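Protein chains in written order, with the working numbering: chain A, 30 to 204; chain B, 30 to 204. We put the beta carbon where it would ideally sit given N, CA and C, even for glycine. From a predicted model like this one, the values you see are computed outputs, not experimental measurements.
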DNA sequence: CACACTAAATTAGATTTCTATCTAACAGAA
DNA sequence: TTCTGTTAGATAGAAATCTAATTTAGTGTG
């Protein structure tokens, strides 16, 4: 029943933050994010808006759900971010004709113009992060981070699957 | 004046989230954090408290400032987390005798007991993350993430140094 | 058709984290 | 000793994110 296990370090190995993937990804993400926001904020773009803009530069017209999936955020986070971006005129919400539940998201001209200002910002911050590191090691980093987030997401999904119903209304006990 | 630069990828390379360290560390950290919190919450420990507990298991009696530095959080974040942990009885604040500004942080017996319950939780989540990955690659991951956060933190420090005074009260213009 | 189930977006409320600012206490120089 | 600057911690207020619940719309089955 248990999935194949990777070799487990002795427990006390994780006493030290430096050894835990959680700690290392957190501190790296936060310093990356602060560096990036310092640059984008001058163009009126906050840290929370940035990932949605990048996704939209690649493809417009997605529904909010699809957009959430692409940027790796939960749907309420997307709603909040889009509200702000709509208010300042970066995006438009367009209700679907075929399905009135759906909303398609498009950039405004203003939102589209940000691209050429902001892509150099990420490029610069990535370059700072990569300083004095072997590009081959960075390629490994990308591969490993992606695989890890897949591993962890799959585990979450398994957990959810095996726990549906637990919090359902009282009338719905399994037969 | 400019620091030595790493080779910069073409700007459009960073159109794709998968290539940006910011995106990859964010999604990995978030899925890691959700997985860990699901386990620790059963012992009454939230995601925000966890890094402080781990630091304190390693060393008690630090000041709040030193503790902030160890866990990689800002000081107001530490204050908030410690308030919560004090309220539920995981820690004690002990004012310093020599310097009345300082406060030393100690675990209670209850806080200390959590260790043996929680270390296996991180170990487990790390093992899930590491599934089907080459340990050598994970070692590279650790090394590279640490170096990147150093690179980015140094850049932030440089920025702050060259900008002190900018937001000081109006009387303080440089001579 | 009516009922129940699923799906998309939103709302409500909480948590985590940050920046900027404030207060109190110490340390050194005039 | 008094003034000035620095250090430690706390506060205020905001942003980003989450989970859980709600609303509205579509789908499918008896």
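_Sequence-distant residues of its chain with Cβ nearer than 7 Å to residue 127 of chain A (five each side left out)_ = Residues of the same chain with their beta carbon placed closer than 7 Å to that of residue 127 of chain A are lacking, with the five preceding and five following residues left out of the count.
*Do the region 71–78 of chain A and the region 62–70 of chain B make contact, defined as three or more Cβ pairs closer than 8 Å?*
Contact between the region 71–78 of chain A and the region 62–70 of chain B is absent: fewer than three C-beta pairs spanning the two stretches fall below 8 Å.
*Go ahead and label residue 164 of chain A buried or exposed: buried means 16 or more other beta carbons lie within 10 angstroms of its beta carbon, across all protein chains shown.*
Flag for residue 164 of chain A reads exposed.
*Under a CB-based cut-off of 8 Å, is residue 108 of chain B close to chain A?*
Cβ-Cβ to chain A under 8 Å: no for residue 108 of chain B.
*In the DSSP assignment, what residue or residues form a beta bridge with residue 133 of chain A?*
As DSSP reads the structure, residue 133 of chain A sits in a beta bridge with A:92, A:123.
*By DSSP, does residue 102 of chain B sit in helix, in strand, or in coil?*
Three-state DSSP puts residue 102 of chain B in coil, outside helix and strand.
*Using a Cβ cut-off of 8 Å (strictly closer), state whether residue 205 of chain A contacts chain B.*
The question about residue 205 of chain A has no answer here: the residues shown for chain A are numbered 30 through 204.
*In chain B, which residues lie less than 8 Å from residue 176 of chain A when you measure between Cβ atoms?*
Near residue 176 of chain A (Cβ distances below 8 Å), the residues of chain B are 161, 162.
*Can you find a C-beta in chain B that's less than 8 Å from the C-beta of residue 185 of chain A?*
Residue 185 of chain A counts as touching chain B.
_Just to confirm my understanding: we take residue 86 of chain A, look at its own chain, exclude 5 residues before and 5 after, and list those with CB closer than 7 Å. What are they?_
If we look at residue 86 of chain A and ignore the five residues flanking it on each side, its Cβ neighbours are 144.
*Applying a beta-carbon distance threshold of less than 7 Å, which residues of chain A neighbour residue 63 of chain B?*
Neighbourhood of residue 63 of chain B in chain A, by CB distance below 7 Å: 185, in chain order.
*asked:* Counting only Cβ pairs nearer than 7 Å, list the residues of chain A close to residue 54 of chain B.
replied: Ordered by position in chain A, the residues that pass the 7 Å Cβ test against residue 54 of chain B are 54, 57, 58, 61, 174.
*Please classify residue 184 of chain A: is it buried, with 16 or more other beta-carbons within 10 angstroms of its beta-carbon, or exposed?*
Around the CB of residue 184 of chain A, 16 or more other CB atoms lie within 10 Å, so the residue is classed as buried.
_Given 8 Å, three or more beta-carbon pairs between the region 151–168 of chain A and the region 60–67 of chain A_ = Touching, yes, given that three or more Cβ pairs across the two stretches are closer than 8 Å.
_Rounded distance between the beta-carbons of residue 50 of chain B and residue 168 of chain A, thought under 8 Å_ = About 12 Å separates the Cβ atoms of residue 168 of chain A and residue 50 of chain B, ruling out a contact at the 8 Å cut-off.
*asked:* According to DSSP, is residue 118 of chain A part of a helix, a strand, or is it coil?
replied: Residue 118 of chain A sits in coil when the DSSP states are folded into three classes, being neither helix nor strand.
*Less than 8 Å between the CB atoms is what I'm expecting for residue 171 of chain A and residue 53 of chain B, so what's the real figure, rounded?*
Rounded, the Cβ-Cβ distance is 6 Å, consistent with contact.
*Listing by chain order, which chain B residues have their CB less than 8 Å from the CB of residue 151 of chain A?*
Against residue 151 of chain A, the close residues of chain B are 43, 49, 51, in the order they occur along the chain (beta-carbon pairs closer than 8 Å).
_Please state the DSSP three-state secondary structure of residue 162 of chain B._
DSSP places residue 162 of chain B in coil when its eight states are reduced to three.
*Is residue 108 of chain B helix, strand or coil by DSSP?*
Here DSSP, grouped into helix, strand and coil, assigns residue 108 of chain B to helix.
*Name the residue from A:84, A:47, A:44, A:91 whose alpha carbon lies nearest to the alpha carbon of residue 44 of chain B.*
Considering only A:84, A:47, A:44, A:91, the residue with the shortest C-alpha distance to residue 44 of chain B is A:84.
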